[in-house]
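Undergrad: Take a look at this one; I'll ask things after.
Residue numbers (my numbering), protein chains in the order written: chain E, 38 to 265; chain H, 2 to 222.
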C-alpha cells in the first residue's frame with residue numbers, strides 16, 4: 038500500500054516537474070500571464086488617474102479590479118495545460134503513462150503554483166500603483182492563497198473538459214465563469230474585509246469549503262473526463 | 002392513459018391560474034395586485050431549481066451507473082427546460098422587482114444566483130453543441146453538470162447569507178414557519194405541483210422524441 042502511495046506521488050510530482058520544464062522551455066504561459074496582467078494593471082491605474090480614488094471608493098472598487106485582473110490572466114494561461122496536450126498530440130502518451138488522479142494532481146499543482154506566482158507578482162504592484170491601503174495584510178495573503186487555489190482547481194478541471202472540444206478558447210471562459218463566480222464573489226467580499234481591516238468571519242470558511250468541494254469534485258470527475 | 006393525465010394537468014393548471022386571481026387574497030404590504038405574480042414566479046423558480054438538480058442526478062447516473070444514453074438525453078432535456086423556466090422566473094421576478102423595489106434589476110443575491118444558473122445552463126448547451134462525437138459529448142457534458150451540482154449550493158444557500166437580500170422569504174424561511182394566508186399557501190403549493198408536473202410531462206415527451214429520432218437515424222445508417 039505504501040508503495041502504491043509513493044508511486045502515485047512520484048507520478049504526480051513527475052507531471053508537475055514536466056509541466057514546469059516545458060514551461061521554462063518556451064516561457065509561454067509566464068510571458069502571456071505576466072504581460073496580460075501588467076497591461077490590465079496599467080489600464081486600471083491610468084484610468085483611475087494620478088491621484089487614484091478616495092479611500093472609501095477604493096475599498097469598494099479596487100478589490101473587484103484586482104480579482105478581475107487575476108481571473109482574466111488565469112483564463113488566459115491555465116487552459117493551456119490541457120489544450121496543449123491535445124494540440125501536440127501528447128495526450129495519448131500521457132494517458133498511458135500516468136494514473137488519471139496523479140495526473141490531475143500534478144496539473145493542479147502546476148496551475149496552483151502558476152496562479153500563486155502571478156498573484157505574488159501582481160498584487161504588490163497593484164497595491165503600489167493604486168495606493169491601496171491594506172489594513173490586514175495577513176488576511177489578504179490568506180484570501181489570495183485560498184482564492185488562487187480555487188481558481189486553479191476549477192480552471193484545471195474545466196480545461197480538461199474543453200481540451201477535447203472545438204473552439205476551445207472561447208468555450209473555456211463560457212464554461213469556467215459560472216463555476217468560478219461563487220469563488221470570485223466570496224473572494225472579493227473577503228478582500229474588501231482585508232482592505233478595511235474587518236474580521237474575516239465565516240466567509241473565509243466558505244472559501245475553504247469551496248476549495249475543498251471543487252478539489253473533491255475534480256478528483257472524482259477527472260478520470261471520467263480524461264479516459265474516453 | 003397518457004392523454005388522460007395530460008388533460009388532468011391542463012385542468013389543474015387552469016384551476017391554479019383561476020385560483021391565483023379569484024380565490025387567493027392579496028398579500029399585505031405589497032403594492033396593488035403585485036403579490037399575485039407569486040403564484041407564477043415561485044413555481045417557475047422552483048422548477049428551474051428542480052431541473053438543475055435533476056440534470057445533475059441524471060448526469061451522475063450516466064457517469065457512474067452504466068453509461069446509458071437515455072440518462073444523457075434526460076440530463077440534456079432537463080437543462081433545456083431548466084433554461085426556459087429559469088428565464089421565465091427571471092422575467093416575472095424582475096417585473097415584480099420593478100413594482101416593489103423600483104428597478105428591474107438590482108443584483109439582489111437571488112437575482113445573482115439565478116443569473117449564474119442561467120449562465121451555467123447556457124454553458125452546458127454550448128459545450129454540447131461543440132462536441133461532435135456522441136459518446137464524448139455525453140461524457141464531458143455529464144461531468145460538467147456534476148461540477149455544476151457541486152458548486153450550486155454556494156449560490157443557492159451560502160451566497161444569500163453573506164449578502165443583504167430584499168427578497169421575501171415567505172415560504173421557506175429560517176424559522177421554518179409559514180407566514181402566509183392559508184388560501185395563498187394552497188394556491189402556491191398547487192401551482193408548484195402543477196409546474197413540476199408540467200416540467201416532467203414536457204421532459205418525458207421530449208426524451209421520447211429524441212429517443213425516437215435516434216432510433217430512426219440509426220436505421221438509416
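Think of the CB as a built atom: it goes at the ideal place given N, C-alpha and C, for glycine as much as any other residue.
Small disclaimer: the values here were computed from a predicted structure and weren't measured.
Return the CA-CA distance between residue 171 of chain H and residue 92 of chain H, expressed in angstroms with no decimal places.
TA: In this prediction, residue 171 of chain H has a pLDDT of 47, which is less than 50 and means its spatial position is unreliable; what the coordinates show is noted afterwards. Computed Cα separation, rounded: 20 Å.
Undergrad: Which runs of the alpha helix (DSSP H) fall wholly inside the stretch 99-156 of chain E and span at least 4 residues, in chain order?
TA: With a minimum length of 4 residues, the continuous alpha helix (DSSP H) runs that stay inside the stretch 99-156 of chain E are 117-124 and 128-134.
Undergrad: Which residues in the same chain as residue 211 of chain H place their Cβ atom closer than 6 Å to its Cβ, once the five residues preceding and following it in sequence are excluded?
TA: So the list reads 74, once near-sequence residues are dropped.
Undergrad: Specify the secondary structure class of residue 2 of chain H as computed by DSSP and reduced to three states.
TA: It is coil, neither helix nor strand.
Undergrad: Among the candidates E/211, E/108 and E/234, whose CA atom is the shortest distance from the CA of residue 117 of chain H?
TA: Cα-wise, what sits closest to residue 117 of chain H is E/211.
Undergrad: Under 8 Å between C-beta atoms, does residue 109 of chain E make it to chain H?
TA: Not closer than 8 Å to any Cβ of chain H, the Cβ of residue 109 of chain E fails to qualify, so no.
Undergrad: Out of H/219, H/72 and H/202, state which residue places its alpha-carbon closest to the alpha-carbon of residue 2 of chain H.
TA: Closest option to residue 2 of chain H, Cα to Cα, is H/202.
Undergrad: In the DSSP assignment, the alpha helix (DSSP H) including residue 81 of chain H goes from what residue to what residue?
TA: Segment 70-101, the alpha helix (DSSP H) holding residue 81 of chain H.
Undergrad: Can you tell me whether residue 104 of chain E is buried or exposed? The criterion is at least 16 other CB atoms within 10 Å of its CB, across all chains shown.
TA: Per the 10 Å Cβ criterion, buried.
Undergrad: Below 7 Å CB to CB, which residues in the same chain sit around residue 19 of chain H once its five sequence neighbours on both sides are set aside?
TA: Result list for residue 19 of chain H: empty, nothing under 7 Å.
Undergrad: Going by alpha carbons, who is nearest to residue 11 of chain H out of H/84, H/30, H/191 and H/78?
TA: When only C-alpha atoms are compared, the closest one is H/191.
Undergrad: I'd like to know if residue 214 of chain E contacts chain H, where contact means its C-beta is closer than 8 Å to some C-beta of that chain.
TA: True, the Cβ-Cβ gap to chain H drops below 8 Å.
Undergrad: Alpha carbon to alpha carbon, how far is residue 53 of chain H from residue 66 of chain H? Give it in angstroms, no decimals.
TA: Taking the straight line joining both Cα atoms gives about 19 Å.
Undergrad: Going by the beta-carbon positions, is the gap between residue 139 of chain E and residue 60 of chain E smaller than 8 Å?
TA: Against a cut-off of 8 Å, the Cβ pair of residue 60 of chain E and residue 139 of chain E comes out as no contact.
Undergrad: Keeping to the same chain, check which residues put their C-beta closer than 7 Å to that of residue 135 of chain E; ignore five residues upstream and five downstream.
TA: Contacts found: 48 and 52.
Undergrad: Assign residue 8 of chain H to buried or exposed, taking buried as 16 or more other Cβ atoms, counted over all protein chains shown, within 10 Å of its Cβ.
TA: Its Cβ having fewer than 16 others within 10 Å, residue 8 of chain H is exposed.
Undergrad: Taking C-beta to C-beta, are residue 234 of chain H and residue 90 of chain H nearer than 8 Å?
TA: As displayed, chain H neither begins before 2 nor continues past 222, which places residue 234 of chain H out of reach and without an answer.
Undergrad: When you compare the CB of residue 211 of chain H with every CB in chain E, is at least one pair closer than 8 Å?
TA: So no, residue 211 of chain H is outside the interface.
Undergrad: Find the nearest neighbour of residue 239 of chain E within the set E/226, E/124 and E/161, judged by alpha-carbon distance.
TA: When only C-alpha atoms are compared, the closest one is E/226.
Undergrad: If we define contact as Cβ-Cβ less than 8 Å, is residue 53 of chain H a contact residue for chain E?
TA: It does not: the Cβ of residue 53 of chain H has no partner Cβ on chain E nearer than 8 Å.
Undergrad: Pull out every residue of the stretch 36-61 of chain H whose Cβ sits closer than 7 Å to any Cβ of chain E, in chain order.
TA: Taking 7 Å as the Cβ-Cβ cut-off against chain E, none of the residues of the stretch 36-61 of chain H qualify.
Undergrad: Return yes when the Cβ of residue 114 of chain E is within less than 8 Å of the Cβ of residue 156 of chain E, no when it is not.
TA: Going by C-beta atoms, residue 156 of chain E is not nearer than 8 Å to residue 114 of chain E.
Undergrad: Once DSSP output is grouped into helix, strand and coil, what is the label at residue 182 of chain H?
TA: Correct three-state label for residue 182 of chain H: coil.
Undergrad: Measuring only between beta-carbons, confirm whether residue 100 of chain E sits less than 8 Å from chain H.
TA: It does not; no Cβ of chain H falls within 8 Å.
Undergrad: Measuring only the C-alpha atoms, how far is residue 141 of chain E from residue 26 of chain H?
TA: Going by the C-alpha atoms only, they are around 57 Å apart.
Undergrad: Restricting to Cα atoms, I'd like to know which of E/256, E/196 and E/232 is closest to residue 94 of chain E.
TA: For the residues E/256, E/196 and E/232, the minimum Cα distance to residue 94 of chain E belongs to E/232.
Undergrad: Are the CB atoms of residue 196 of chain E and residue 209 of chain E within a distance shorter than 8 Å?
TA: In contact: residue 209 of chain E and residue 196 of chain E (Cβ atoms closer than 8 Å).
Undergrad: What is the DSSP secondary structure of residue 222 of chain H, reduced to helix, strand or coil?
TA: In the structure shown, residue 222 of chain H sits in coil (DSSP, three-state: anything other than H, G, I, E or B).
Undergrad: Where does residue 36 of chain E fall in DSSP's three states?
TA: The requested residue 36 of chain E is not part of the displayed model; chain E covers only 38 to 265.
Undergrad: Check for me: the alpha helix (DSSP H) holding residue 255 of chain E runs from which residue to which?
TA: Unbroken alpha helix (DSSP H) run through residue 255 of chain E: 238-263.
Undergrad: Determine, for residue 198 of chain E, whether the minimum Cβ-Cβ distance to residues of chain H falls below 8 Å.
TA: So yes, residue 198 of chain E belongs to the interface.
Undergrad: Can you tell me whether residue 223 of chain E is buried or exposed? The criterion is at least 16 other CB atoms within 10 Å of its CB, across all chains shown.
TA: Buried, because 16 or more other Cβ atoms sit within 10 Å of the Cβ of residue 223 of chain E.
Undergrad: From what residue to what residue does the alpha helix (DSSP H) around residue 193 of chain E run?
TA: Here the alpha helix (DSSP H) through residue 193 of chain E covers 174-199.
Undergrad: Hey, does residue 69 of chain H have any beta-carbon neighbour from chain E nearer than 8 Å?
TA: Not an interface residue.
Undergrad: Keeping to the same chain, check which residues put their C-beta closer than 7 Å to that of residue 24 of chain H; ignore five residues upstream and five downstream.
TA: These residues qualify, in order along the chain: 184 and 188.
Undergrad: Check for me: the alpha helix (DSSP H) holding residue 24 of chain H runs from which residue to which?
TA: Premise fails: residue 24 of chain H is in no alpha helix (DSSP H) and is neither H nor E.
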